[in-house]
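Asks: Before I ask anything, let me first share the structure, which is written out below as structure tokens.
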Amino acid sequence: MFEQIKENHKERVTIDFEGNLLDVPAGITVAAAVMGYAKQEFIRISPSTGDKRAPFCFMGVCHECLMEIDGKTNQQACIIEVRQGMHIKRQMGPVEVES
Amino acid sequence: MNSAISGKYDICVVGGGFMGSAVSLGLIKSGAKVLMLDKTSRIYRASKANFGLVWSQSKGDGNRTYTRLSEKAVREYPQFIGAIEEESGVDTELRLGCGVIICLGEAELAARAEFVQRMARQAQAAGEAYPARLIDRDDLQQITGKTPLGTAVSGGSFSPIDGDVNPLLLLKAMRKIFIDRGGRFLHDCKVNDINRSGNNYLLDTTAGRIEVPKIIFAAGLGNIDLLSSLGLPSPIISQKGQILVTERVRPFLSFPFSGLRQTGCGSILIGYTSEPPEFKVRTTVSAGASMAHRALKILPCLERVKVVRSWAALRVLTIDGAPVYDEVAENAYLLASHSCITLASMHEQLLPAWILGKPMPEAINPFTTGRFHVRTNQGKP
């Protein structure tokens, strides 16, 4: 799992990952927060194969990092910065058309 | 001369899309030695860019033989796919038994009603029955299930035999069986020129020169250039179509609408346009917007679903919209249709025996190029 090499961030924010409050550096991406601080080995279950998946490209291309952020499904966690009070959830399978 | 290939095959099928793959599959099952070439076009790709409908209800208005062929093709699809899935181990996501053309507003419904009546009359005149019927909004809501239809939906036509399939998986399955049974498939192989060499055809290709006694033109729009290299006229024209594709969502549509369907992996395909062809096949914002707008009128819940990509491709049409099957020169066959997904079952079943020398089956003999010839006062081309 990811390790923070140097904790030199002065500014920090608190995010809610599936009910757990996490204190993370401001300015990092949601994907980095989930992998590095929530210590998850997967961040979604593929709607088509049922496999556990995790962020792969970290640059907005592969769409492996789709998460529910502040109630919106299929958000690209690797290109969205954490914000104070953000709610983040993993997507366990396909999202519903009618939520 | 490519000595690894030349002289080893009875038949060369030029084109490895839906037409080429279905006929090659039938030929290899009949025991022929078949070489299939595909130039892997990045522009046309009708076999990969299509919507995946297995569809008869809208085919052949005014051309009963074409309607009959389409209906027979759909009715024989389960058997065709059953054999393919068993042999290839590929699940093609086939769903048959419900296909709906949806209407928005009263004018569309009235036009659809007229079409259904006309098709029913044409069937009746031939002593047959047209399987589709008009349904109202309430019936349509009932078969759609709990997902609410938009208020503009006025009804539609329902076919109890139509449906859909995953064209990418079916194409893969057909090619796999073809190769497993000893067929040779060369992709990225373009035919540059064709000449006669004695009783054989000599193909100048990017994989070398290939000599073969029989040749099949199954190259879609590529047929135009192939025919011209033999000095033959082409009845093929093209039309552009665009499709929108959404993110994957939990399956909620158990059957296809004509321009809106959910694939096995949860994506929703929204389509499709019919536009004049262009050399550079592009998607356009205006077409995307109008397709999305219509889809939202059909299923307002799609408002929350994101479009993740769109694509455009060129359809393979003929002058009268019906397929072409013909021996256009000695031992040279032209096969072309814009409906190669639906007709795949017929192409695999009916074309090979004829190409291998049997008389043309009655179901396909009205589809030669003779129908395009200008008639003289002797009634001869």
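As given, the protein sequences belong to chains A and B, one line each in that order.
Going by the numbering used here, the first sequence opens with residue 45, and the numbers climb by one from there.
Going by the numbering used here, the second sequence opens with residue 231, and the numbers climb by one from there.
Using N, Cα and C, we set each Cβ at its ideal position, and we do this for glycine too.
Just so you know, these numbers come straight off a predicted model, no measurement behind them.
Taking the C-alpha atoms as reference points, what is the distance between residue 609 of chain B and residue 458 of chain B?
Replies: With a pLDDT of only 49 at residue 609 of chain B, under 50, the local geometry of the prediction cannot be trusted, and no value is derived from it.
Asks: In terms of residues, what are the limits of the beta strand (DSSP E) holding residue 64 of chain A?
Replies: 64-69
Asks: Would the beta-carbon of residue 380 of chain B fall within 8 Å of that of residue 485 of chain B?
Replies: no
Asks: If distances are taken between C-alpha atoms only, which option among A:77, A:93 and A:128 comes closest to residue 111 of chain A?
Replies: A:77
Asks: Expressed to the nearest angstrom, what Euclidean distance is found between the alpha-carbon atoms of residue 516 of chain B and residue 503 of chain B?
Replies: 11 Å
Asks: For a minimum of 4 consecutive residues, which ranges assigned as the alpha helix (DSSP H) are wholly contained in the segment 356-407 of chain B?
Replies: 367-374
Asks: What does the Cβ neighbour count give for residue 538 of chain B, buried or exposed, with the cut at 16 atoms within 10 Å?
Replies: exposed
Asks: Assuming residue 326 of chain B contacts residue 391 of chain B (C-beta within less than 8 Å), just tell me the rounded distance between them.
Replies: 7 Å
Asks: According to DSSP, simplified to helix, strand and coil, what is residue 570 of chain B?
Replies: coil
Asks: Am I right that residue 575 of chain B and residue 553 of chain B are in contact with their C-beta atoms under 8 Å? What's the rounded C-beta distance?
Replies: Incorrect: roughly 13 Å between the Cβ atoms, too far for contact.
Asks: Strictly under 8 Å for the Cβ-Cβ distance: is residue 91 of chain A near chain B by that measure?
Replies: yes
Asks: Run through chain B and tell me which residues come within less than 8 Å of residue 138 of chain A, C-beta to C-beta.
Replies: 478, 479, 480, 481 and 496
Asks: Taking Cβ positions only, does residue 534 of chain B come closer than 8 Å to chain A?
Replies: Yes, contact with chain A.
Asks: Please classify residue 404 of chain B as buried or exposed, where buried requires at least 16 neighbouring CB atoms within 10 angstroms.
Replies: buried
Asks: Looking at residue 565 of chain B and residue 447 of chain B, is the spacing between their C-beta atoms short of 8 Å?
Replies: In this structure, residue 447 of chain B lies near residue 565 of chain B, with their beta-carbon atoms less than 8 Å apart.
Asks: Can you look up residue 105 of chain A in the DSSP assignment and give me helix, strand or coil?
Replies: coil
Asks: Which runs of the alpha helix (DSSP H) fall wholly inside the segment 419-507 of chain B and span at least 4 residues, in chain order?
Replies: 453-459
Asks: Quick one: measure Cβ to Cβ for residue 511 of chain B and residue 470 of chain B, integer angstroms, because I've assumed they're closer than 8 Å.
Replies: 6 Å
Asks: In chain order, what residues of the same chain have a beta carbon less than 6 Å from the beta carbon of residue 314 of chain B, not counting five sequence neighbours either side?
Replies: 403
Asks: Determine the DSSP secondary structure at residue 126 of chain A, reduced to helix, strand or coil.
Replies: coil
Asks: Measuring CB to CB, does residue 292 of chain B end up less than 8 Å from residue 389 of chain B?
Replies: With respect to residue 389 of chain B, residue 292 of chain B sits apart: the two C-beta atoms are not nearer than 8 Å.
Asks: Tell me which residues share the same chain as residue 274 of chain B and place their Cβ nearer than 7 Å to its Cβ, disregarding the 5 neighbours each side in the sequence.
Replies: 450, 451, 543 and 544
Asks: If you drop the 5 nearest sequence neighbours on each side, which residues of the same chain put their C-beta closer than 8 Å to that of residue 300 of chain B?
Replies: By the criterion of a C-beta distance shorter than 8 Å, residue 300 of chain B is surrounded in its chain by 285, 286, 289, 290, 569, 572 and 573, once the five residues flanking it on both sides are discounted.
Asks: Between which two residues does the alpha helix (DSSP H) carrying residue 309 of chain B extend?
Replies: 307-318
Asks: With a CB to CB cut of under 8 Å and the five nearest residues on each side skipped, what residues in its chain are close to residue 611 of chain B?
Replies: With a pLDDT of only 46 at residue 611 of chain B, under the threshold of 50, the placement of this residue in the model should not be trusted; the figure read from the coordinates follows. Once the five neighbours on either side are set aside, the close Cβ partners of residue 611 of chain B are 600, 603, 604 and 605.
Asks: Checking contacts by CB at 8 Å: is residue 609 of chain B closer than that to chain A?
Replies: Here residue 609 of chain B scores only 49 on pLDDT, less than 50, and its place in the model is too uncertain to base an answer on.
Asks: Taking the continuous beta strand (DSSP E) assigned at residue 258 of chain B, which residues delimit it?
Replies: Unbroken run through residue 258 of chain B is the alpha helix (DSSP H), 248-259; no beta strand (DSSP E).
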